[in-house]
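Participant: Residue numbers (our numbering), protein chains in the order written: chain A, 177 to 352; chain B, 128 to 332. All residues carry an ideal CB built from backbone N, CA and C; glycine is no exception. Just so we're clear, the structure is a prediction, and the values are computed from it rather than from any experiment. First the structure, which I've put down as structure tokens, then a few questions once you've had a look.
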Amino acid sequence: SALESQTNRRVMLIILAFIILFHLASAILLFVATIHNAWWVVSPPGREVIYSDLWYTCNSTCYIVENSHSTEAVYLQAVQATIILATILCCVSFFVFMLQLFSIQQGERFIFTAAIQLLASLCVMISASIYTAESKNFHADSLKDGSYGSSYIVAWVSFPMTLISGFMYLVLRKRK
Amino acid sequence: MLRVLALASVVLLGIAPQASQAITVYTSWERHALVGSDVRLSCSFFSWRFVSEDVSFTWRYRPDGSRDSISIAHYAGGEAYTDNKGAFKDRVEFVGNPKRRDGSILIKNLDFSDNGTFTCDAKNPPDIVGRPSSVRLLVFETFLVPIQAGVITGAIIGVVLGLLVLIVVIYYLMRFLVARRVFSLNVSKHGKKKKEGSQQRQIKV
Numbered sequence: 177s178a179l180e181s182q183t184n185r186r187v188m189l190i191i192l193a194f195i196i197l198f199h200l201a202s203a204i205l206l207f208v209a210t211i212h213n214a215w216w217v218v219s220p221p222g223r224e225v226i227y228s229d230l231w232y233t234c235n236s237t238c239y240i241v242e243n244s245h246s247t248e249a250v251y252l253q254a255v256q257a258t259i260i261l262a263t264i265l266c267c268v269s270f271f272v273f274m275l276q277l278f279s280i281q282q283g284e285r286f287i288f289t290a291a292i293q294l295l296a297s298l299c300v301m302i303s304a305s306i307y308t309a310e311s312k313n314f315h316a317d318s319l320k321d322g323s324y325g326s327s328y329i330v331a332w333v334s335f336p337m338t339l340i341s342g343f344m345y346l347v348l349r350k351r352k
Numbered sequence: 128m129l130r131v132l133a134l135a136s137v138v139l140l141g142i143a144p145q146a147s148q149a150i151t152v153y154t155s156w157e158r159h160a161l162v163g164s165d166v167r168l169s170c171s172f173f174s175w176r177f178v179s180e181d182v183s184f185t186w187r188y189r190p191d192g193s194r195d196s197i198s199i200a201h202y203a204g205g206e207a208y209t210d211n212k213g214a215f216k217d218r219v220e221f222v223g224n225p226k227r228r229d230g231s232i233l234i235k236n237l238d239f240s241d242n243g244t245f246t247c248d249a250k251n252p253p254d255i256v257g258r259p260s261s262v263r264l265l266v267f268e269t270f271l272v273p274i275q276a277g278v279i280t281g282a283i284i285g286v287v288l289g290l291l292v293l294i295v296v297i298y299y300l301m302r303f304l305v306a307r308r309v310f311s312l313n314v315s316k317h318g319k320k321k322k323e324g325s326q327q328r329q330i331k332v
């Protein structure tokens, strides 16, 4: 039975490593989605490709996205806020997981970690949804003919990743 | 004696006004208005002297993003002159009361192109040394609270994080309070036991 406990411990460590790596991967994806400038891509024929995201519009030089005193700016700021919140919450849940790993009793679940991670997942979903619904209004008329870029896809991918990560923490119980 | 005094005071009063003092001009900081509406831009000044006959008000307009300003209204010598050539033609009216230090103007039928800075310069001779004061005009389509970049972003993030912290604090507070109540129950039981113990001892004796 010593061998069994050893293999058990190995399995536990592997599961733990997998969960941590999954969590880190979703956090990295969130950072990429927030920072990388490719939510909206416009490729006019014969000219440089224009990349746009929540913060800047760039071809060879970058201009700040027009934040005019208009109602559309509200949606853009909501998208910015929720994607930043999702990133922050994902990092916070990682630290909370590390904390709970050493503080909770054996057999208990990582409730706090799961709650914060699920909240991050909700925020990412809200952000990507609002952007999908209102993206036509975020850009000047010259940029209307474009398509969604890689950062947008990464943002959507991080939604199920954080969701699954959160549910994994709900199911996981602490063992020795 | 009285004559000397009167002469001296007249001479003094004659000398003192030669030193001109500063005039302070007051306007609002920022005004918000809807497209198509009228807005009254107020301008007032403070001066140690009484309002002179030659009091003058000059209003200048500088569009957003431009470096040049253009005069749109002028009051001097008891007469008000308003823009009759430029963008504000027939839209500006001098509605102030200069005798009461009020040099306000009324701009009618606003448009988005009226966004900009309006500067009021008031002079009350001989008090002419003063800094003109500016009021910024913002014209909106609908009356939403003006959204500066990042205000909503910051507000959402702050509120959500604050709520999270509040929930955690309340959770730990509840646990702490419940623990305290359990602790106090133990103490009262211990007290009762002590009393019973002492009674028994008395009976024994």
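Could you list which residues in chain B have their beta carbon closer than 9 Å to that of I204/A, in chain order?
Facilitator: Walking along the first sequence from the start, residue 204/A turns up at place 28. Within 9 Å Cβ-Cβ: nothing; I204/A doesn't reach chain B, min ~20 Å.
Participant: Please list, in chain order, all residues of the same chain as G283/A whose beta carbon is under 7 Å from its beta carbon, the five residues on each side excluded.
Facilitator: Position 107 of the first sequence, counted from the start, is the residue given in the question as residue 283/A. So the list reads R349, K350, once near-sequence residues are dropped.
Participant: Which residues in the same chain as D210/B place their Cβ atom closer than 6 Å to its Cβ, once the five residues preceding and following it in sequence are excluded?
Facilitator: One-based indexing of the second sequence puts residue 210/B at position 83. Excluding positions up to five away in sequence, the list reads I199, K216, V219.
Participant: Is the segment 166 to 183 of chain B touching the segment 284 to 303 of chain B, taking contact as three or more C-beta pairs under 8 Å?
Facilitator: At 8 Å Cβ cutoff, the stretches do not touch.
Participant: Since R187/B is in the beta strand (DSSP E), which residue starts that stretch and which ends it?
Facilitator: Taking the second sequence and counting its residues from 1, one reaches residue 187/B at position 60. 183 to 190 is the extent of the beta strand (DSSP E) around R187/B.
Participant: R130/B: buried (16+ other C-beta within 10 angstroms of its C-beta) or exposed?
Facilitator: Position 3 of the second sequence, counted from the first residue, corresponds to residue 130/B. It counts as exposed.
Participant: Less than 8 Å between the beta carbons of S327/A and A257/A, yes or no?
Facilitator: Here the question's residue 327/A lines up with position 151 in the first sequence. Here the question's residue 257/A lines up with position 81 in the first sequence. Cβ distance not < 8 Å, so S327/A and A257/A don't count as in contact.
Participant: Sorted by chain position, which residues of the same chain lie with C-beta nearer than 7 Å to S334/A's C-beta, five sequence neighbours on each side aside?
Facilitator: For the purposes of this step, residue 334/A is taken as the residue at position 158 of the first sequence. Answer for S334/A: S202, L205, L206, A209, V300, listed in chain order.
Participant: Helix, strand or coil for V152/B, going by three-state DSSP, please let me know.
Facilitator: Stepping through the second sequence from its first residue, residue 152/B is reached at position 25. Strand at V152/B.
Participant: Enumerated in chain order, which unbroken segments of the beta strand (DSSP E) with a length of 3 residues or greater are wholly contained in the segment 200 to 270 of chain B?
Facilitator: Fully enclosed beta strand (DSSP E) runs of 3 or longer: 206 to 209, 219 to 221, 232 to 234, 243 to 250, 260 to 267.
Participant: Return no unless some Cβ of chain A is closer than 8 Å to the Cβ of V287/B.
Facilitator: Here residue 287/B refers to the residue found at position 160 when the second sequence is read from its first residue. With 8 Å as the cut-off, V287/B counts as an interface residue toward chain A.
Participant: Identify every run of the alpha helix (DSSP H) within the segment 261 to 315 of chain A, keeping only runs that are complete inside it and at least 4 residues long; order them along the chain.
Facilitator: DSSP runs (the alpha helix (DSSP H)) wholly in the segment 261 to 315 of chain A: 287 to 314.
Participant: Could you tell me which of V218/A, S228/A, K320/A, V255/A sits nearest to V278/B, measuring between CA atoms?
Facilitator: Within the second sequence, residue 278/B is the residue found at index 151, counting from 1. For the residues V218/A, S228/A, K320/A, V255/A, the minimum Cα distance to V278/B belongs to V255/A.
Participant: Using the beta-carbon count (16 or more within 10 Å), is N313/A buried or exposed?
Facilitator: Numbered from 1 along the first sequence, position 137 holds the residue referred to as residue 313/A. Exposed.
Participant: By the 9 Å beta-carbon criterion, what residues does the segment 259 to 272 of chain A contribute toward chain B?
Facilitator: So the close ones are I260, L261, I264, L265, V268.
Participant: So, is the C-beta of T244/B closer than 8 Å to a C-beta in chain A?
Facilitator: Locating residue 244/B in the second sequence gives position 117, where the first residue counts as 1. No, no contact with chain A.
Participant: Just the chain B side, please: which residues come within less than 7 Å of A257/A by C-beta, in chain order?
Facilitator: Translated into positions along the first sequence, residue 257/A becomes position 81. The answer, in chain order, is I279, T280, I283, I284.
Participant: What is the DSSP secondary structure of L335/B, counted as helix, strand or coil?
Facilitator: The first residue shown for chain B is 128 and the last is 332, placing residue 335/B beyond what the model contains.
Participant: Can you name the start and end residues of the alpha helix (DSSP H) that S341/A belongs to?
Facilitator: In the first sequence, counting from the first residue as 1, residue 341/A sits at position 165. Its alpha helix (DSSP H) spans residues 326 to 347.
Participant: What first and last residue would you give for the alpha helix (DSSP H) that runs through F194/A?
Facilitator: Residue mapping note: residue 194/A aligns to position 18 of the first sequence, counting from 1. Element bounds for F194/A: 178 to 211.
Participant: How is the beta strand (DSSP E) around T233/A delimited, first residue to last?
Facilitator: Locating residue 233/A in the first sequence gives position 57, where the first residue counts as 1. 232 to 234 is the extent of the beta strand (DSSP E) around T233/A.
Participant: Considering only C-alpha positions, which residue in the set L295/A, S311/A, E224/A, S318/A is nearest to A249/A?
Facilitator: Taking the first sequence and counting its residues from 1, the one referred to as residue 249/A is at position 73. Ranking the options by Cα distance to A249/A, first place goes to S311/A.
Participant: Hey, could you find the ends of the beta strand (DSSP E) L168/B is sitting in?
Facilitator: Taking the first residue of the second sequence as 1, we reach residue 168/B at position 41. Note, L168/B: beta strand (DSSP E), 166 to 168.
Participant: Quick check on the burial criterion: 16 or more other C-beta atoms within 10 angstroms. Buried or exposed for P225/B?
Facilitator: Position 98 of the second sequence, counted from the start, is the residue given in the question as residue 225/B. It is buried - the Cβ of P225/B has at least 16 other Cβ atoms within 10 Å.
Participant: Three or more C-beta pairs under 8 Å: does that hold for the segment 145 to 160 of chain B against the segment 302 to 311 of chain A?
Facilitator: Output reads no: the segment 302 to 311 of chain A does not touch the segment 145 to 160 of chain B.
Participant: State yes or no: is the C-beta of D248/B within less than 8 Å of the C-beta of S171/B?
Facilitator: Locating residue 248/B in the second sequence gives position 121, where the first residue counts as 1. Locating residue 171/B in the second sequence gives position 44, where the first residue counts as 1. Their beta carbons are not under 8 Å apart, which means D248/B does not touch S171/B by this criterion.
Participant: For A214/A, return the contacting residues in chain B, with the cut-off set at a CB-CB distance below 8 Å.
Facilitator: Here residue 214/A refers to the residue found at position 38 when the first sequence is read from its first residue. Here the premise fails: no neighbours, minimum Cβ distance about 20 Å.
Participant: Check F177/B in the structure and name its three-state DSSP category.
Facilitator: Locating residue 177/B in the second sequence gives position 50, counting from the first residue. Reduced to three states, the DSSP call for F177/B is coil.
Participant: Taking 6 Å as the limit between beta carbons, can you name the residues of its chain near G223/B, skipping five residues before and five after?
Facilitator: By 1-based counting over the second sequence, the position of residue 223/B is 96. The residues are D229, G230, S231.
Participant: Please confirm whether D241/B has its beta-carbon closer than 8 Å to some beta-carbon of chain A.
Facilitator: Against the second sequence, residue 241/B aligns to sequence position 114. Not closer than 8 Å to any Cβ of chain A, the Cβ of D241/B fails to qualify, so no.
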